[in-house]
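Its first residue numbered 1, the sequence shown is counted upward by one per residue in full-length UniProt numbering.
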Amino acid sequence: MVDAPRSVPVTMLSGFLGAGKTSLLRHVLQHSGLKIGCIVNDVAAVNIDAKLIRADQNRADPSSTTDLADTIELANGCACCSIADELMLSFANLIELSDRRETPYDRIILENSGVAEPQNIRDQFSDAIMEGHPLMSRIHLDSLVTLVDSGTFIKEYSSRAPLVSRPDLGEGGGLRPVVDLLVEQIECADYVVLNKTDLLDEATTGSLSAIVSSLNPLAQVVTCQHGAVPCEKLFGSEAQALVALLNTEGQHRGAVAAARTAHEAALREEREEKERKEREEKEAHKHGKESNGHGHAHDHAGHDHAGHDHDAHGHKHDSHDSHKQNGHAHDEHKHHDHGEHKHEAQNGHKHHGHDHDHAHHDHEHHDHDSHEHHDHDSHDSHDHSSHPHKHHKHSHDRKETTAAKRFGITSFVYSRRRPFHPQRLKDLVLKWMPVSHNKTLEGAERAEDGASPIKAVLRSKGFMWVANSHTTAFYWSHAGQYFEIRDEGEWWAAVPDDMWPEVAAQRAIILADFDASAGFGDRRQEIVFIGAGMDEKAISAQLDSALLTDEEMEDYKTNFDEPDPLHVGEPARA
């Protein structure tokens with residue numbers, strides 16, 4: 001019996017034009033020792049990248065057809081949008097070539113154009129699995145690598161320009177803001193490679209690494225020069241990936257879980273530091289008393305130890321766990337298509353915003369200004385002992401607290417079970433967003449002067465519930481100088497039960513987001529905030545000021561008294 005051909009792992013390589021993708025690819029071809037097939041995606045009229053790779057002078061015989069890599073060029077558009085069929089055909093052509101030679105690839109690398117959107121290409125793999133595309137038995141999306149030009153990162157992150165005005169970053173970007181695509185490429189990655197670090201000093205490199213780690217706590221950050229990356233770590237037997245297995249909502253849940261873990265670690269470290277200082281003071285006090293017993297003057301009258309309260313932090317933080325990602329099938333409600341309930345799958349793994357094991361199983365109630373906001377447990381009964389990506393339980397908390405200590409970069413999750421009042425949200429929160437391009441204000445004047453704690457935020461993202469739209473889940477997205485709120489489809493609570501996944505484990509993941517006490521299903525505020533020197537309490541208070549009051553909540557319940565569809569396994573409604 002002939003064994004079925006193995007599935008070839010695919011690595012997607014993203015990054016702006018000039019970040020060093022071709023240098024990295026050439027380095028991997030020369031030094032990895034792997035048999036690699038390449039698909040080079042360039043929207044330019046002349047595909048420079050493919051010519052550079054083929055012209056490599058280090059090959060034994062540059063004229064030979066037995067290249068370091070078999071390279072297929074994509075020259076008719078961008079793989080993330082206009083040439084999806086050509087992209088899959090290119091993969092099929094590589095596999096056919098491999099079969100004909102009876103020489104299987106160790107890996108296929110897809111080099112995206114500078115303006116390609118990695119989330120869209122990842123979705124193409126998911127759609128292909130859903131449609132039963134036969135090619136998906138031969139290849140699978142294994143890892144996502146994004147290159148960042150370390151020398152220009154701050155400039156691009158601060159940019160107010162649309163991609164169409166920056167052809168130097170890659171042609172065909174349209175009106176999407178530069179910073180929005182930059183952040184997507186960083187967040188949609190298993191590895192973020194900071195290239196050209198020779199252009200920075202050590203302190204700046206450390207700061208940039210901390211910023212990138214905060215933007216994507218699920219990724220590993222690698223620094224290099226001239227694209228010379230550690231091949232085994234990124235492309236060989238040591239390569240480990242997680243984000244490639246997710247979809248957009250799963251990424252969000254992973255970010256939420258990581259932020260909560262980092263927040264808990266920071267609080268724990270703060271508490272331990274305080275206790276250490278108290279022990280030292282007690283020891284000094286004890287030593288002082290002993291010294292006084294020997295006739296040494298030591299006055300403690302002005303030192304008040306009563307003020308040292310071990311529990312005086314006043315912090316109540318979420319320790320809401322993620323739904324653990326374990327390689328089993330998990331459906332996701334694809335929020336991108338409003339009114340169309342599409343369940344995505346990837347590499348045989350279906351996800352409904354599947355979280356990862358970054359946090360503890362705790363249950364917390366937030367009580368703020370007479371509002372009772374409930375967070376909920378996230379339970380997953382799957383066995384993780386054999387999950388190949390379980391290494392991602394590695395301690396991000398130490399990295400995060402180090403970033404917080406050295407650079408003041410912290411993160412937290414704003415979680416509430418009450419909708420925003422749309423006008424108060426604009427007046428009390430959105431006009432203070434530290435951006436020059438705010439799509440939500442529609443010409444309204446933004447606040448230029450005055451103090452607002454939200455001005456310290458570098459990045460924020462997550463799901464939000466707005467009172468004037470009962471069924472719609474909105475997505476809050478702020479990066480650099482750009483902010484928008486977009487429609488992400490319907491809350492699961494509003495989706496009829498026959499459009500939910502049938503597998504019990506998948507349904508359990510969805511139902512874990514339901515809040516039985518309020519009776520509004522999975523509707524919630526769940527926004528991750530990342531920034532330098534943020535005041536979490538003040539930012540949360542500013543956001544809380546835009547929530548519905550108790551009286552308004554009663555009116556809301558009356559106005560939206562049509563119940564959600566019933567769902568099998570749903571907690572009893574209040």
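Just so you know, even glycine gets a beta-carbon here, dropped at the ideal spot from N, CA and C.
Which class does Lys-439 belong to by DSSP, given the choice of helix, strand or coil?
The answer is coil: DSSP assigns Lys-439 none of H, G, I, E or B.
**Asked** Are Leu-200 and Val-115 closer than 8 Å when you measure CB to CB?
**Response** It is not a contact, given that the beta carbons lie outside the stated cut-off.
C-alpha distance - Asp-337 paired with Phe-560, whole-angstrom precision:
The pLDDT assigned to Asp-337 is 41, lower than 50, so where the model puts this residue is not dependable, and the model offers no usable value.
Next item on the list: Apply the 10 Å Cβ neighbour rule to Thr-146 and answer buried if 16 or more other Cβ atoms are within range, or exposed otherwise.
Entry: The residue in question, Thr-146, is buried, as its Cβ has 16 or more Cβ neighbours within 10 Å.
ask   = Taking the C-alpha atoms as reference points, what is the distance between Ala-19 and Asp-149?
value = Answer to the nearest angstrom: the Cα atoms are 4 Å apart.
ask   = According to the Cβ coordinates, are Ala-473 and Phe-420 closer than 8 Å?
value = Cβ atoms of Ala-473 and Phe-420: not closer than 8 Å.
*Please name the residue in Ala-546, Pro-501 and Met-464 whose C-alpha comes closest to that of Leu-428.*
The candidate whose alpha carbon is nearest that of Leu-428 is Ala-546.
Worksheet entry | For Phe-412: DSSP bridge partner residues | Residue pairing by DSSP places Phe-412 opposite Phe-529 in a beta bridge.
Compare the Cα-Cα distances from Trp-432 to each of Gln-423, Pro-177, Thr-558 and Ile-454 and report the closest residue. Of Gln-423, Pro-177, Thr-558 and Ile-454, the residue nearest in Cα terms is Ile-454.
Quiz item: Roughly how far, in whole angstroms, is the beta-carbon of Asn-247 from the beta-carbon of Ser-165, given that I think they are within contact range, below 8 Å?
Solution: Wrong, their Cβ atoms sit about 30 Å apart, outside the cutoff.
Worksheet entry | Of the residues Val-435, Pro-230, His-470 and Thr-11, the one placed nearest Leu-245, counting alpha carbons only | Residue Thr-11 holds the alpha-carbon nearest to the alpha-carbon of Leu-245 among Val-435, Pro-230, His-470 and Thr-11.
Terminal residues of the continuous alpha helix (DSSP H) containing Met-130?
It spans 118–130 - the alpha helix (DSSP H) in which Met-130 sits, taken as one unbroken run.
_Using 8 Å as the cut-off, can you tell me whether the region 193–207 makes contact with the region 150–163, which would need three or more C-beta pairs spanning the two stretches below that distance?_
Using a Cβ-Cβ distance cut-off of 8 Å, the region 193–207 and the region 150–163 are in contact, since at least three pairs of beta carbons, one from each stretch, lie closer than that value.
**Message:** Once DSSP output is grouped into helix, strand and coil, what is the label at Cys-224?
**Reply:** Cys-224: coil per DSSP, three-state reduction.
- Item | Enclosing beta strand (DSSP E) for Phe-483 [first to last residue] | Counted as a single uninterrupted DSSP element, the beta strand (DSSP E) harbouring Phe-483 occupies residues 482–490.
Practice task
Determine which residues share a DSSP beta bridge with Cys-38 and list them.
Solution key: Looking at the DSSP assignment, Cys-38 forms a beta bridge with Thr-71 and Ile-109.
ask   = Under a three-way DSSP split, which group does Ser-214 fall into?
value = DSSP, read as helix, strand or coil, puts Ser-214 in helix.
Quiz prompt | Reference Tyr-105; option with closest CA among Glu-111, Ala-541, Asp-550 and Leu-94 | solution = Closest by C-alpha distance to Tyr-105, out of Glu-111, Ala-541, Asp-550 and Leu-94, is Leu-94.
(message) What does the alpha-carbon distance come out to for the pair Val-229 and Arg-138?
(response) Those two C-alpha atoms are separated by around 27 Å.
Give me the DSSP bridge partner(s) of Arg-459. Partner(s): Ala-479 and Ile-530.
Residues sharing a beta bridge with Asp-149, DSSP
According to DSSP, residue pairing for Asp-149 in a beta bridge involves Asn-195.
Handout entry: Beta-carbon contacts of Glu-570 that lie in its chain and below 7 Å, excluding the five residues immediately before and after
Key = So the qualifying residues of the chain are Leu-511 and Phe-514.
Which same chain residues end up closer than 6 Å to Leu-566 when comparing Cβ atoms and leaving out the 5 residues on each side of it in sequence?
So no residue of the chain qualifies.
- Message: Quick check on Val-568: buried or exposed, where buried means 16 or more other Cβ atoms within 10 Å of its Cβ?
- Response: If you draw a 10 Å sphere on the C-beta of Val-568, you find fewer than 16 other C-beta atoms in it, and that means exposed.
* Taking the beta strand (DSSP E) that Thr-11 falls in, what are its first and last residues? -> Element bounds for Thr-11: 8–14.
field: Of the residues Glu-187, Glu-488, Gly-480 and Ala-189, the one placed nearest Val-179, counting alpha carbons only
entry: Measuring from the Cα of Val-179, the nearest candidate turns out to be Gly-480.
Excluding the 5 residues preceding and the 5 following Thr-471 in the sequence, name in chain order all residues of the same chain whose CB lies nearer than 7 Å to its CB. Only Glu-490, Trp-491 and Ala-494 meet the Cβ criterion.
* Length of the line joining the Cα atoms of Asp-497 and Pro-422 -> Spanning the two alpha carbons is a distance of roughly 29 Å.
Member of Lys-155, Ala-516, His-27 and Leu-208 whose CA lies at the smallest distance from the CA of Ile-109
Looking at the Cα atoms, His-27 is the closest of the given residues.
Checklist entry - Is it right to say Asp-99 is buried, meaning 16 or more other beta carbons lie within 10 angstroms of its own, or is it exposed? => result Flag for Asp-99 reads exposed.
query = Taking the Cβ atom as the reference point for each residue, do Ser-460 and His-478 lie within a distance shorter than 8 Å?
reply = Yes, the pair counts as a contact, with Cβ atoms nearer than the cut-off.
**Request:** Verify the CB distance criterion: does Lys-461 have a CB-CB separation below 8 Å to chain C?
**Result:** This model lacks chain C altogether, as it is built from one protein chain only.
Could you pull the DSSP bridge partners for Met-464 from this structure? As DSSP reads the structure, Met-464 sits in a beta bridge with Phe-474.
* With DSSP collapsed to three states, give me the class of Ser-517. => The DSSP-derived three-state label of Ser-517 is coil.
| task | Would you identify the three-state DSSP class for Pro-422, choosing helix, strand or coil? | result | Residue state, collapsed to three classes: helix.
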